[in-house]
Each structure stands twice: as C-alpha cells, then as structure tokens.
Amino acid sequence: MRYEPKNCNLKRSKTFRKSTVIAAVAVVLFILAIVFKPAEIVLTWHQAHEKWGVDELIIAALILVPVLYISLLWNWTVLHKDKRAKQEIETLKQQIEFIIGATKTGLDIIDSQFNIRYIDPEWQKVYGDPTGKKCYEYFMGRNEVCQGCGIVKALETKSITVTEEVLVKENNRPIQVTTIPFQDSSGEWLVAEVNVDISERKKAEEEMESMNRKLQATVEELTQSNNELQEFVHVASHDLKTPLRAIGILANWILTDYGDKFDESGRERVKLLVGRAKRIDELINGLLQYFRVGHTRGKYEEVDLNIVLSEVIREIAPPENIEITIQSELPTVIGEQRRMVQIFQNLLNNAIKYIEKPRGEIKVGCVEEDGFWKFSVCDNGSGIEQKYFGKLFKVFQKLESHDESEGTGIGLAIVKKIVELYGGRVWVESRPREGSTFFFTLPKKEMGVKDAKLETNIACGR
Amino acid sequence: MRNSKPILLVEDDRLDAMIVRRALNDLKVTNELAHTGDGKEAIEYLRSEGNPKPCLILLDLNMPKTNGVEFLRIVKADEVLKRTPIVVLTASTEEQDVIETFKLSVAGYIVKPVDYMKFVEAMRTVTLYWTLSEFPDGE
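In the order they appear, the protein sequences are chains A and B.
Residues 106 to 567 (the numbering used here) are what the first sequence spells out, left to right.
Residues 540 to 678 (the numbering used here) are what the second sequence spells out, left to right.
Structure, rendered in structure tokens:
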C-alpha cells in the first residue's frame, strides 16, 4: 500500500458563490414586485373587506417585516453554523487520513463482533469495500477469529495491546498492530487499530540474526583452530623435540665415538648435522615463545621499566666495546612483567648483534606523545636498507643467511606481537652503515601508566 | 654424590634414558641408575620392599599410563616417599608445567637440552648440587 500525497486544501472562496446567489434572488424578487404590484393587490383586497385601517396595516407590516427578517437571519445562521461544523469535521477527517496515509499507518475501528466500523481510505484502495465484512475475512481471508487476536485481548483487559501480524494478501507484509479499546458516545466498546509497517525492522532483524549466526560459526571455527593450535604447540614442544634431541645427541656421539673413523669432510658433515638439529630446536623455541604471547596471560601489575631495563642489561651482559645508555627516565606501566622484559631483551640483543664497529653505542629513551609513551632503542650498527623494513617484523624473516648470523629471526616478531597486544605500534628508522632506531609505543591510558617526569626529547646522534 | 643409594630415572624414551645414563657415566657419577618406563612402574619400584630407596628421582613429565604430574601427586601424598628429592627432566617449556610441578614440591625443573654437551652440563649441575646438599635420609 503506497500513499500518494494529494492536495488537501479543499475550500476555495465559498463566500463569493453565496453572495452571487443572494444577489440573484434579490433581482428576481424585484422583477416580481414590478410585474405583480403586490401593494396594490393588498390595498384592493383591503378595501373590499374593510377590516383594518391603513394605519393598522402599516404598523402590522412594520412589525412583521423585522420579525420575519430576524427569524430568517436566525435560521440561516444556525443552518450555516451546522454546515460549517460538518465541513470542518470532514476536512479534519481528510487531513487525519492524509497524515495517517503518509506515515504508511493503517487505521481501522472494529466493534466487539469484529465488524469493521471504519477503515481508512488507503486500506480500502488495497482491500476494497469493507461493508458487511468481519475484520478477519477482510484482512486475512479467514473464516474465524485469528489466533491470539489483539481485539479480544484489548476488549477483555480494557488496555492497549500490541501484536504483530503478517498480511497474507500483501505478500506477507509484516505489521505491528496497536489495539486501543474505547467507548463511543452510546457507551459501546470499540477498538481502534493502528497498523504500522515493520518490514524494514523485520528485515534488519533478520539480517542481524543471520549475521549473528555467521559470527557464531566463525567463533566456533576460531575456537576449533585455536584448540588445534594449542594441540600443535604441545606436539611441537614435546613430541617433535624428543626425536630431534635424539638426532642431535646421536650425531654428537657418532662424532665422539667414531670421529677417528671419518675423514675431515665426514666429521664436518656430522658437525653440520649437530648444528642444524640445534637450529631446529631454536626455531621451535622461538615459535613457542611467539605463540605464547597473547595465549598465556600473566598477571597484570605495575612494572617499573627502569628496573626492567637495568635487569635486562645485566642479564644480557653486553660486550665491553658496547655502551648502553638510558637517556631519560622510563615510566611505570601496568602490564605483564615478562612481556616488558621480552621487548627490551629482543630489541637490545638485536642491536648488539648488528654492531660491528669497534665502539658500539646503544641509547634507550622515552618521550610522551599523544597519549602514548614512545620508546626508542637507537644503535650505531650496520643499519638496514629501507626496502627490508616491512620484512623485519615478520616471523622467521632474517636479512642474512642462516650460516652468517645467529638467532632465529623471531625476536622482532615477538616484540611486534607484544606491543600490538598492548595497543601500541612498532617501527624502525634506519640508514645503512649509520645505525637503526627501533621505536615502539605503549598507550598511557589503557595500560594505567603512572606518571614519569620526562619531557626531554631523545636526540639520537646520527 | 653424597650417598651411594641409586638414582631413579622415570623416563619412557629409550634414547633419553641412554643419554642420562651416558651423561652420568661421563660425569663419573658412581651411583647406580635405576630406570622405570613410566610413573606407574616407578611407584611399583618405590613401594617394592626389595628395592633400595633412591636418593634422587629424575622425572620425565610426558609419559604413557601414569604421567609425571600424576606420579608427583601420588608420591607427595605418601608420608615416606615425599621426602625423596625429585628433579623434573623434561622437554616441556610450558609455564603451566613449571608452576604445577613446583606446587607439588619438586626440587628442580630442567629442560632437556638438544646439545649433548649442554645436557652433560645440566646433569653436572644437578649432581654437584646433590653432592653438596644433605639428603633427608633418616627413616
């Protein structure tokens, strides 16, 4: 049912029409007075009967004419008022119907016997003449009262009832029916039904439901894949490592026990075998470490990064030619202590590994920036070409071949995972042969960071 | 080691048992090494009258039948057996395992190294410690 807006300005100037009619009547009367001369007729009649004198007649006429005039005027006013009231009601009805039609709200009035007393014109356009039809026949094409009928309930409880229906005749259009019971002037109970189209809402609800189902399926899939991953981690950490250890150690024993039976190249190959077994072990350990970030959640506590950093430096025990300086006081953050340790461990180890100069310098700093702590670890090492920046933070991405460098290439990936888990980000700025600065941020607010007095900007000399 | 009682190794992997045996041999540890293949066997060994009580138990965690943690629960609930120091010797680096076994009062937790020399180092440290430390011997 679509509503076509129409012109609702019904009255044009009726006063003009009325004045024209009055003027015409006056003209006719005037002509009749000239043709039939009524005064002469009266006088003639009077002279024949001689009842009243002329004076009495004039007085009677003088009284009668205003009385007649007043009564006419009175009648006319009353009639006119009545007509105007009727017109106003009609106009109001049309305006209400127009408004209801425009809102796609159907309106009907039904009595306790389910007879339709009123139905708005827009409905009639679709359903036709309601005369003599019960509401369930007219709207639903049924022979009996609909199940869960709102009219029955509204009349029983004498309170507004809201139900939902599907209009079969209109391609199952869903509507919400608000049934309002009321008494008319004679005291009879009726209901007014306000029928609002809820197609859009239903569609949105269905979409949401289907989206929910999809989401549920995704969650299940993820849970399963997560469980499989857990399983894999378990297998990797034990079942894969046991035979690996056997290979590594047996190779070692072969070298010890039968080394003198091999030539130099044979011994070299067994040594390579031992080395590769060690590397697989390191890779598995790295993967496990990477996997555990975010999967095993430790206690969140206040972590003073100054203490963390000095402990990490002590543990790393950097070679004598490398000096690590802390340029500004570090903040205290709320988080997992060992994750913070892992960040600095990996960044510092990485910096130390790539310093080939006789004097190495590593500077650690922190500034406050846009609600974040921005940390920097700056070295004067070999630096990285810009085209490798993207690869740097990926798992097992190494910029050198396995035989040339130690480590598994997972350290920076772990740093990235931890930092992103805490809502920060990590990036690098570097120039080949001049050094690199690794930056990472941690949000001040979310992590409940305690204040630290540091506004000094890091100046990392390059 | 400080006393001459045997060391009990609870380990299902034959080669891992070989490694421990050889490492102890290389370290000139003279204590006898008793080997059981899982927790159930180990309990039976410990409860059997004929067997000498071990001074130290080296325990693997991931084993068939009765695993390491289950073994620990049984042993630590036993008034006599719970005095024997137990050092976990496992491939597992799971933090969960570390926490759980220490809750069950293990004396140490060593992750088996892939490198034999490191394995020998680890065994050296363990035996050295138990050369210095007193054992709760009195029965």
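Yeah, the Cβ is synthetic: ideal placement off N, Cα and C, and Gly gets one too.
Here the structure is a predicted model, which means the values were calculated and not measured.
What residues in its chain sit with their C-beta under 7 Å from that of residue i, if we drop five residues either side in the sequence?
i	result
lysine 462(A)	Asn485
methionine 540(B)	Val568, Asn570, Cys594, Thr666, Trp669, Thr670
arginine 560(B)	Leu572
isoleucine 221(A)	Asp213, Ile215, Pro235, Lys238, Cys240, Tyr243
asparagine 300(A)	Thr210, Gly211, Ile280, Val282
For residue i, which residues of its own chain have a beta-carbon under 6 Å away from its beta-carbon, when the five flanking residues on both sides are left out?
i	result
aspartate 409(A)	Thr437
isoleucine 385(A)	Leu349
tyrosine 684(B)	Within the shown structure, residues of chain B are numbered from 540 to 678, placing residue 684(B) beyond reach of any answer.
leucine 320(A)	none
serine 497(B)	Any property of residue 497(B) remains undetermined from this structure, which presents chain B solely from 540 to 678.
Mapping DSSP to helix, strand and coil, what is residue i?
i	result
proline 537(A)	coil
proline 171(A)	helix
histidine 46(A)	For chain A, the structure presents residues 106 to 567; residue 46(A) sits outside this window and is missing.
valine 549(B)	strand
arginine 278(A)	strand
isoleucine 649(B)	strand
threonine 268(A)	strand
phenylalanine 498(A)	coil
phenylalanine 135(A)	helix
valine 417(A)	helix
aspartate 636(B)	helix
threonine 125(A)	helix
leucine 667(B)	helix
aspartate 302(A)	strand
serine 510(A)	Here the model assigns serine 510(A) a pLDDT of 48, short of 50, so the residue's position is not dependable, and the following value carries that caveat. In the structure shown, serine 510(A) sits in coil (DSSP, three-state: anything other than H, G, I, E or B).
asparagine 455(A)	helix
glutamine 152(A)	helix
valine 78(A)	This structure cannot settle anything about residue 78(A), because the visible part of chain A is limited to 106 through 567.
Counting contacts by CB-CB distance shorter than 8 Å, is residue i in contact with chain A?
i	result
phenylalanine 674(B)	no
tyrosine 655(B)	yes
aspartate 552(B)	yes
glutamate 660(B)	no
threonine 632(B)	yes
aspartate 617(B)	no
lysine 604(B)	no
aspartate 577(B)	no
asparagine 542(B)	no
lysine 642(B)	no
lysine 651(B)	yes
asparagine 590(B)	no
isoleucine 558(B)	yes
asparagine 564(B)	no
Under 8 Å Cβ to Cβ from residue i, same chain only, skipping five residues before and after it: list those, please.
i	result
valine 398(A)	Arg444, Gln447, Ile519, Lys522, Ile523, Leu526
lysine 649(B)	Per the sequence shown, residue 649(B) should be read as isoleucine rather than lysine. Val626, Val627, Leu628, Thr629, Ala661, Val665, listed in sequence order.
proline 545(B)	Asn570, Glu571, Leu572, Ala573, Pro591, Pro593, Cys594
Residue i CB to nearest chain B CB: under 8 Å?
i	result
aspartate 302(A)	no
serine 393(A)	Here residue 393(A) turns out to be leucine, not serine, going by the sequence shown. Yes, contact with chain B.
alanine 400(A)	Going by the sequence as given, residue 400(A) is histidine instead of alanine. No - not a single Cβ of chain B is within 8 Å of the one on histidine 400(A).
arginine 350(A)	yes
tryptophan 618(A)	Residue 618(A) is absent from the model: chain A starts at 106 and stops at 567.
lysine 382(A)	Residue identity differs from the one stated: residue 382(A) is alanine in this sequence, not lysine. Interface residue, yes.
asparagine 390(A)	yes
threonine 283(A)	no
arginine 362(A)	One detail in the question is off: residue 362(A) reads as aspartate in this sequence, not arginine. So, not an interface residue.
asparagine 332(A)	no
isoleucine 429(A)	no
isoleucine 354(A)	yes
lysine 346(A)	yes
serine 510(A)	Summary for serine 510(A): the model assigns pLDDT 48, below 50, so the residue's position carries little reliability, and this model does not support an answer.
What does DSSP give as the partner residue(s) for residue i in the beta ladder?
i	result
glycine 528(A)	Bridge partners of glycine 528(A): none, in fact.
isoleucine 625(B)	Ile596(B)
alanine 297(A)	Ile214(A), Ile285(A)
isoleucine 467(A)	Ile429(A), Asp484(A)
proline 548(A)	Phe477(A)
isoleucine 439(A)	Glu407(A)
lysine 239(A)	Asn220(A)
valine 619(B)	Bridge partners of valine 619(B): none, in fact.
aspartate 555(B)	The partner list for aspartate 555(B) (beta bridge, DSSP) is empty, contrary to what the question assumes.
phenylalanine 543(A)	Val482(A), Val533(A)
threonine 401(A)	Val398(A)
valine 472(A)	Lys479(A)
8 Å is my cut-off, CB to CB: does residue i come that close to chain E?
i	result
serine 342(A)	This model lacks chain E altogether; the protein chains it does include are A and B.
Handout entry: Unbroken stretches of the beta strand (DSSP E), 3 residues or longer, contained in the stretch 181-234 of chain A
Key = 210-216, 221-224
Problem - alpha helix (DSSP H) runs contained entirely in the stretch 561-617 of chain B, provided each spans 4 or more residues - result: 578-586, 607-615
Practice task
Counting only runs of 4+ residues fully inside the stretch 320-391 of chain A, write out the alpha helix (DSSP H) ranges in chain order.
Solution key: 346-363
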